[in-house]
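The opening position of the sequence shown corresponds to residue -16 in the numbering used here, with each subsequent residue numbered one higher.
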Amino acid sequence: MSSVENAPGTPLTTADVETLVEVAERAAREAGRLVHEGRPERVAVAATKTSPEDVVTAMDLASEELLRRRLAELRPHDGVLGEEEGYVPGTSGVTWVVDPIDGTVNYLYGRPAYAVSVAAVVGPAGAPDPATWTVVAGCVHAPADGRTFRAGRGLGATLDGRALQMEEPRPLPGCLVGTGFGYRAERRRAQARVLADLLPRVRDIRRTGSAALDLCNLAAGQLDLYYERGLGAWDLAAGLLVAQEAGALVTGLRGAAPGTAMTVAGWPARAAELVRLLEDLDADQDG
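In structure tokens, the structure reads:
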């Protein structure tokens, strides 16, 4: 693996990346145990975000607090960006991007499709931005079924220790496509319009409710393609690297990087087809 420059200009070696992957897995598994074993019979909503349907539970907050505490112990000079508590800068050039429960609505309803996502990124000074960062290590741990996805930049991706490598899927009409929806009404209307045009052109659509798991399931061959508008940095970071290291193209529309406007992932040639279709449909617009 060629070295990756962090913000202060110090290259990360293969051994450094391997260490970051181990830290990511350790933190994700520990938070996963808390989330899974500590789930009450009835989960209460602690707060809401973009709409009354976009919820935060007490366990989201507890899981992120645990992740921040553990990462501070293991990597005291690194920064942390979390979904619930925001950005705390570090001095090492490495920032951890964490989602304490990706799939909170699933967790709220007792559905198993949720995960803890932990990734290490490097890039320009300031809060990490998917447009400029480089993800170097990541782990997505799904505590309900015990699956653990790991990836290191240049080191490949694994599921429970088994190497992941995407195979070229069938043509677009035979592809199973994953997606997700926002929580604001105007965005959902726009997403429904796109979906209505896309659905007749593909095998079928799946909506898991966890972007991190969608990207990892793509890497594991359980989806052929994936797209979603509105992803936060924490939704994207670890799953993006797992998908890339398994051979996927992960991109935005109109030459942009993957991010809030749009994320598209899949086998490169097939993902490029989906990008063109989504561009024609103005899928990165809410109007």
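We put the beta carbon where it would ideally sit given N, CA and C, even for glycine.
Q.
Whether or not the stretch 166 to 173 and the stretch 118 to 131 are in contact is what I'm after, with contact meaning three or more pairs of Cβ atoms, one per stretch, closer than 8 Å; do they touch?
A. No, they do not touch.
**Q.** Exposure label - Glu56; buried when at least 16 CB within 10 Å
**A.** Position 73 of the sequence shown, counting from 1, holds the residue named residue 56. Answer is exposed; the Cβ neighbour count stays below 16.
Q) Is the beta carbon of Leu201 less than 8 Å from the beta carbon of Gly238? A) On the sequence shown, residue 201 is found 218 positions in, with the first residue counted as 1. On the sequence shown, residue 238 is found 255 positions in, with the first residue counted as 1. It is not a contact, given that the beta carbons lie outside the stated cut-off.
Q. Are the CB atoms of Pro241 and Leu223 nearer to each other than 8 Å?
A. Translated into the one-based positions of the sequence shown, residue 241 becomes position 258. Translated into the one-based positions of the sequence shown, residue 223 becomes position 240. At the C-beta level, Pro241 and Leu223 come within 8 Å of one another.
Q. What is the DSSP secondary structure of Asp43, counted as helix, strand or coil?
A. Along the sequence shown, one-based indexing puts residue 43 at 60. DSSP places Asp43 within a helical segment (H, G or I) once states are collapsed to three.
Q) Between the C-alpha atoms of Leu206 and Tyr70, what's the straight-line distance to the nearest angstrom? A) Sequence index remark: in the sequence shown, residue 206 carries index 223 (1-based). Sequence index remark: in the sequence shown, residue 70 carries index 87 (1-based). Answer to the nearest angstrom: the Cα atoms are 32 Å apart.
**Q.** Neighbourhood of Glu151 by C-beta distance below 7 Å, restricted to the same chain and skipping five residues each side
**A.** Taking the first residue of the sequence shown as position 1, residue 151 is located at position 168. Excluding residues within five positions, the ones whose Cβ falls inside 7 Å are Trp250.
Q: Name, in chain order, the residues that DSSP records as bridge partners for Pro154.
A: Start at 1 with the first residue of the sequence shown, and residue 154 comes out as number 171. Looking at the DSSP output, Pro154 bridges to nothing.
Q. At which residues does the beta strand (DSSP E) containing Gly222 begin and terminate?
A. In the sequence shown, residue 222 corresponds to position 239, counting from 1. Premise fails: Gly222 lies in the alpha helix (DSSP H), Ala216 to Glu228, not in any beta strand (DSSP E).
Q: Could you tell me the boundaries of the alpha helix (DSSP H) in which Val258 lies?
A: Taking the first residue of the sequence shown as position 1, residue 258 is located at position 275. DSSP places Val258 in the uninterrupted alpha helix (DSSP H) bounded by Pro251 to Asp263.
Q. From this set, Arg259, Glu68 and Ala41, which residue's C-alpha is nearest Arg52's C-alpha?
A. Indexing the sequence shown from 1 puts residue 52 at position 69. Nearest in C-alpha terms to Arg52, of all of Arg259, Glu68 and Ala41, is Glu68.
Q | Proximity to Arg145 [Cα-Cα], best of Gly204, Val88, Ala96 and Tyr90 | A | For the purposes of this step, residue 145 is identified with residue 162 of the sequence shown, where counting begins at 1. Residue nearest to Arg145 within the set Gly204, Val88, Ala96 and Tyr90 is Gly204 (criterion: CA-CA distance).
Q: Report all residues from its chain with a CB closer than 6 Å to the CB of Glu256; omit the five preceding and five following residues, and keep chain order.
A: Sequence index remark: in the sequence shown, residue 256 carries index 273 (1-based). Here the set comprises Leu155.
Q) Nearest to Ser100 by CA position, among Pro72, Gly76 and Arg133, is which residue? A) As a first step, residue 100 is located in the sequence shown; it is residue number 117 there, counting from the start. Nearest option by C-alpha distance: Arg133.
Q.
Taking the alpha helix (DSSP H) that Glu1 belongs to, which residues open and close that run?
A. For this step, residue 1 is matched to residue 18 along the sequence shown. In the DSSP annotation of this structure, the continuous segment of the alpha helix (DSSP H) that includes Glu1 starts and ends at Thr(-3) to Glu20.
Q. With burial defined as no fewer than 16 other Cβ atoms inside 10 Å of the residue's Cβ, what is the status of Thr74: buried or exposed?
A. By 1-based counting over the sequence shown, the position of residue 74 is 91. Looking at its Cβ environment, which holds fewer than 16 other Cβ atoms inside 10 Å, Thr74 is exposed.
Q.
Output needed for Ala98: all residues of its chain with C-beta closer than 7 Å, excluding positions within five of it in sequence on either side, in chain order.
A. On the sequence shown, residue 98 is found 115 positions in, with the first residue counted as 1. Cβ within range, chain order: Asp85, Gly86, Val123, His124, Ala125, Ser193, Ala195 and Leu196.
Q: Output the distance between the C-alpha atoms of Leu17 and Gly93, rounded to the nearest integer angstrom.
A: Within the sequence shown, the letter at position 34 stands for residue 17. Within the sequence shown, the letter at position 110 stands for residue 93. Taking the Cα positions, Leu17 is about 15 Å away from Gly93.
Q.
Quick check: what's the CA-CA separation for Ala102 versus Leu181?
A. In the sequence shown, counting from the first residue as 1, residue 102 sits at position 119. In the sequence shown, counting from the first residue as 1, residue 181 sits at position 198. Their backbone Cα atoms lie some 31 Å apart in a straight line.
**Q.** Where Tyr92 falls: helix, strand or coil (DSSP)
**A.** Within the sequence shown, residue 92 is the residue found at index 109, counting from 1. Helix at Tyr92.
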